[in-house]
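In what follows, a single structure is set out as structure tokens and then discussed.
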Amino acid sequence: MVKTFTVGLIGAGPVTQAIHLPTLARLDGVRVAGVMDPDMAVAQAVAATLDVPAAANLDQLLQQGVPDIAVIGSPNAFHATQILTLVQAGVRGILAEKPLVMTPDEAQAITAAIEQQGTALVVGAMHTYDPGWLEAQELVRQLEGPFHVRSTIYLPANARFEDRATNMVRPAPAGPTGSAGGPPNPAQLVHGAVMGLAIHALPLIRGLIPAWERVEHAAALAPWGYNMTATGRGGTVELLARMPGTWRPDWQLGIWGAGTSQAALNFPPSYVHNGSAWGQVTLPDGATKAIAPHLTNGYVAEWQDLLAQLTEGAAPRYPLVHVIDDVLYAIELAGLAAAAIAGESEVAR
Ligand SMILES: NC(=O)c1ccc[n+]([C@@H]2O[C@H](COP(=O)([O-])OP(=O)(O)OC[C@H]3O[C@@H](n4cnc5c(N)ncnc54)[C@H](O)[C@@H]3O)[C@@H](O)[C@H]2O)c1
Numbered sequence: 317m318v319k320t321f322t323v324g325l326i327g328a329g330p331v332t333q334a335i336h337l338p339t340l341a342r343l344d345g346v347r348v349a350g351v352m353d354p355d356m357a358v359a360q361a362v363a364a365t366l367d368v369p370a371a372a373n374l375d376q377l378l379q380q381g382v383p384d385i386a387v388i389g390s391p392n393a394f395h396a397t398q399i400l401t402l403v404q405a406g407v408r409g410i411l412a413e414k415p416l417v418m419t420p421d422e423a424q425a426i427t428a429a430i431e432q433q434g435t436a437l438v439v440g441a442m443h444t445y446d447p448g449w450l451e452a453q454e455l456v457r458q459l460e461g462p463f464h465v466r467s468t469i470y471l472p473a474n475a476r477f478e479d480r481a482t483n484m485v486r487p488a489p490a491g492p493t494g495s496a497g498g499p500p501n502p503a504q505l506v507h508g509a510v511m512g513l514a515i516h517a518l519p520l521i522r523g524l525i526p527a528w529e530r531v532e533h534a535a536a537l538a539p540w541g542y543n544m545t546a547t548g549r550g551g552t553v554e555l556l557a558r559m560p561g562t563w564r565p566d567w568q569l570g571i572w573g574a575g576t577s578q579a580a581l582n583f584p585p586s587y588v589h590n591g592s593a594w595g596q597v598t599l600p601d602g603a604t605k606a607i608a609p610h611l612t613n614g615y616v617a618e619w620q621d622l623l624a625q626l627t628e629g630a631a632p633r634y635p636l637v638h639v640i641d642d643v644l645y646a647i648e649l650a651g652l653a654a655a656a657i658a659g660e661s662e663v664a665r
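So the sequence shown is numbered by this note's numbering: it starts at 317 and just counts up by one.
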């Protein structure tokens, strides 16, 4: 008999409702067993649609029964402590949303705990599992540097995608994220945006530019976004994101290598369950290969990876050390960008 894994949902907001529940509905061998959210109205509304108990905190969820798999869909600041609690409680697998953690100390703490318990871990970095990207990556590996990489992301408000993916129950609005309760300053905004949005592109970029040297320029954009240039071992990077807007969503990754070699890739926006990345890669010999969109997407693939680890003992596509290095790479860039903004404002004064 095929085992059905129980799943506990930690945080019942947009990522859980509009990404993980539609994805779980496409998969065999998984059954949601509990929903936790400190906003009990949200927890109960989501739990009711699944006919499972709601919990207001993690202890309560674990008392109702330790799930086989936990999904961490809570705000970023809670990921590390919740991973530690869940690992100690004995869950077999964790699908933790990006960013995995927010600091190097948190990275060290979860590494020790996960290694000790042997918990399977997948990070919800869906582009790293996207079948179109994985096909392109095989070709991109043939390109030679130095590289220039450009990530551009223009999006409408998340709510537009969430509402197309599901019937959303909205959490109460989050409070301000700046220090002393005020709105974030530009350095904080860019730090948060790198950890929240640029982080989707950074693991892909890390394969070409494995270490940062400096951020030359970083700025916060209105209504929300960033514009920055950076240099690292292996080449240069431009990152641009702006949202929300009324324009057509556009999410691209451009890679320029030696000579005429290059890659131009497009990704579906977050929340969109409509196939994979697509684009083309021009190899060093001048041959251009098209990457046609695959029918499946990175959200399904990340779950399949976790389930293969649990059912077959399969090796993870990305071992723990790899996902930790991914998040440390993002943390370092976020810090460099925030420092560049602080430095630039001092010059302007
Ligand atoms: N992979 C993707 O495409 C994608 C898309 C959106 C969000 N995310 C990630 O998912 C996470 C959640 O983001 P979101 O957009 O769903 O909304 P969010 O961060 O605003 O809140 C999600 C829910 O968490 C609840 N919450 C607050 N404190 C909590 C706690 N201590 N424990 C559990 N739940 C708590 C809130 O009440 C809310 O219902 C973030 O880490 C984000 O980066 C990933």
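Just so it is clear, CB atoms sit at the ideal spot from N, CA and C, and this is done for glycine as well.
Under the 10 Å beta carbon count, Lys414 is surrounded by 16 or more other beta carbons and is classified as buried. Boundaries of the alpha helix (DSSP H) harbouring Glu422: 420-433, taken from the DSSP string. The beta carbons of Tyr645 and Arg522 sit closer together than 8 Å. Taking 8 Å as the cut-off, the beta carbon of Ala359 is found no closer than this to the beta carbon of Ala341. Our two residues, Leu555 and Thr562, have alpha carbons roughly 20 Å apart in a direct line. Straight-line spacing of the CA atoms in Arg408 and Ala658 works out to 43 Å. Judged by DSSP in its simplified three-state form, Gln458 adopts coil rather than helix or strand.
The beta carbon of Ala503 sits closer than 7 Å to the beta carbons of Ala654, Ile657, Ala658 from its chain, once the five residues preceding and following it are set aside; these are given in chain order. The alpha-carbon separation between Ile525 and Trp449 amounts to approximately 17 Å. Looking at the DSSP output, Asp566 bridges to Tyr470. Look at Gly591: its beta carbon is at least 7 Å from all of the heavy atoms in ligand 1. Distances from the CB of Glu413 to the heavy atoms of ligand 1 include at least one below 7 Å. Rounded to the nearest angstrom, the gap between the Cα atoms of Asn501 and Arg347 is 42 Å. Looking at Val382, Asp421, Gln376, the one whose alpha-carbon comes closest to that of His395 is Asp421. Here Pro560 is not near Pro585, since their CB atoms are 8 Å or more apart. Under the three-state reduction of DSSP output, Arg522 falls in the helix class. Secondary structure at Tyr645: helix, using DSSP grouped into helix, strand and coil. Residue burial annotation: Val531 is buried, with at least 16 other C-beta atoms found within 10 angstroms of its C-beta. When secondary structure is reduced to three states using DSSP, Met484 falls in the coil class, being assigned neither helix nor strand. Secondary-structure assignment with DSSP links Glu554 through a beta bridge to Arg466, Thr545.
For Gly389 and Glu460, the gap between their C-alpha atoms comes out near 38 Å. Just so you know, the alpha carbons of Gly381 and Gln596 end up roughly 47 Å apart.
Asn613 is classed as buried because its beta carbon has at least 16 other beta carbons within 10 Å across all chains shown.
Here the C-alpha atom of Ala364 lies approximately 10 Å from the C-alpha atom of Gly350.
Pairing Pro600 with Leu520, the inter-Cα distance amounts to about 20 Å. As for any alpha helix (DSSP H) of minimum length 4 sitting wholly inside the segment 332-378, the runs are 337-341, 356-366, ordered along the chain. Straight-line spacing of the CA atoms in Val506 and Gly541 works out to 7 Å. Residue environment for His533: exposed (fewer than 16 other C-beta atoms within 10 angstroms of its C-beta). For Ile388, there is no enclosing alpha helix (DSSP H); the residue is found in the beta strand (DSSP E) stretching over 385-388. By the Cβ neighbour-count rule, Gln398 is buried, with 16 or more other Cβ atoms within 10 Å of its own. Comparing C-alpha distances from Val331 to each of Val639, Met484, Ser592 shows the shortest one belongs to Met484. Classified as exposed, Leu343 has fewer than 16 neighbouring CB atoms from the shown chains inside 10 Å of its CB. Gly324 carries a strand assignment under DSSP once its states are collapsed to helix, strand and coil. For Lys319, the closest alpha carbon among the candidates Ala475, Ala624, Asn373 is that of Ala624.
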